[in-house]
Amino acid sequence: QCWGESGDRPVLVDPLLLNFDFTGICGRATDSNGYSIRMAGTDLALEYALSLQMSGGDIRLMGISRYDSNAPRLLIGRTYGLADGFTKIILEPGWRFAKRTYQGRELGHIYVTTDWMPTESESSNNK
Numbered sequence: 023q024c025w026g027e028s029g030d031r032p033v034l035v036d037p038l039l040l041n042f043d044f045t046g047i048c049g050r051a052t053d054s055n056g057y058s059i060r061m062a063g064t065d066l067a068l069e070y071a072l073s074l075q076m077s078g079g080d081i082r083l084m085g086i087s088r089y090d091s092n093a094p095r096l097l098i099g100r101t102y103g104l105a106d107g108f109t110k111i112i113l114e115p116g117w118r119f120a121k122r123t124y125q126g127r128e129l130g131h132i133y134v135t136t137d138w139m140p141t142e143s144e145s146s147n148n149k
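In structure tokens:
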């Protein structure tokens with residue numbers, strides 16, 4: 023296993039960076055270039071950026087339009103609390119992680135994906 027978890031709301035994450043040999047086992051993408059949003063089969067990497075935002079006693083993973091401030095803000099996940107150190111983001115219902123593939127081969131890029139597009143009422147609740 024590449025990390026450990028403890029607690030509940032928020033779940034603390036121990037990435038085991040200092041006491042584990044990751045060679046050939048645990049891949050990691052530590053910046054936004056390794057991730058993008060995919061909705062209803064459409065790659066939104068050019069339209070939306072992933073952003074971590076504080077909201078009350080929570081950290082939220084949001085999809086924010088790169089160009090249109092009136093575009094829907096997508097609530098993708100949240101921590102359900104604050105803590106020191108690494109905290110697990112719990113994905114909202116319908117969201118999941120998926121690997122990008124090319125010609126049947128899995129690539130290192132990771133999608134945060136869902137099979138649906140939000141309705142206007144769903145997206146307006148996240149502004």
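Each position in the sequence shown, counted from 1, maps to that position plus 22 in our numbering.
Ideal placement from N, C-alpha and C gives every residue a C-beta, glycine not left out.
All figures in this text were calculated on a predicted structure; none of them were measured in a lab.
Inter-residue CB distance, residue i and residue j (contact presumed, cutoff 8 angstroms)
{"i": "K110", "j": "T101", "result": "7 angstroms"}
{"i": "W117", "j": "I86", "result": "Between I86 and W117 the Cβ distance is about 15 angstroms, and since that is not below 8 angstroms, they are no contact."}
{"i": "G29", "j": "L38", "result": "Between L38 and G29 the Cβ distance is about 16 angstroms, and since that is not below 8 angstroms, they are no contact."}
{"i": "A67", "j": "S77", "result": "In fact, because the Cβ distance is near 24 angstroms, the residues do not count as touching under 8 angstroms."}
{"i": "G56", "j": "I132", "result": "6 angstroms"}
Residue i burial status per 10 Å Cβ neighbour count (16 or more: buried)
{"i": "S146", "result": "Because S146 sits at a pLDDT of 46, beneath the cut-off of 50, its placement in the model cannot be relied upon, and the following sentence gives the value as read from the coordinates. Exposed is the call here."}
{"i": "E144", "result": "Because the pLDDT of E144 is 46, which lies under 50, any placement of that residue in the model is unreliable, and the number read from its coordinates should be weighed accordingly. Looking at its Cβ environment, which holds fewer than 16 other Cβ atoms inside 10 Å, E144 is exposed."}
{"i": "T64", "result": "exposed"}
{"i": "R82", "result": "buried"}
Under the three-state DSSP convention, the category residue i falls into
{"i": "G56", "result": "helix"}
{"i": "A93", "result": "coil"}
{"i": "E27", "result": "strand"}
{"i": "G79", "result": "coil"}
{"i": "D137", "result": "coil"}
{"i": "L74", "result": "strand"}
Sequence ranges, beta strand (DSSP E) only - wholly within the stretch 98-129, length at least 3: 118-124
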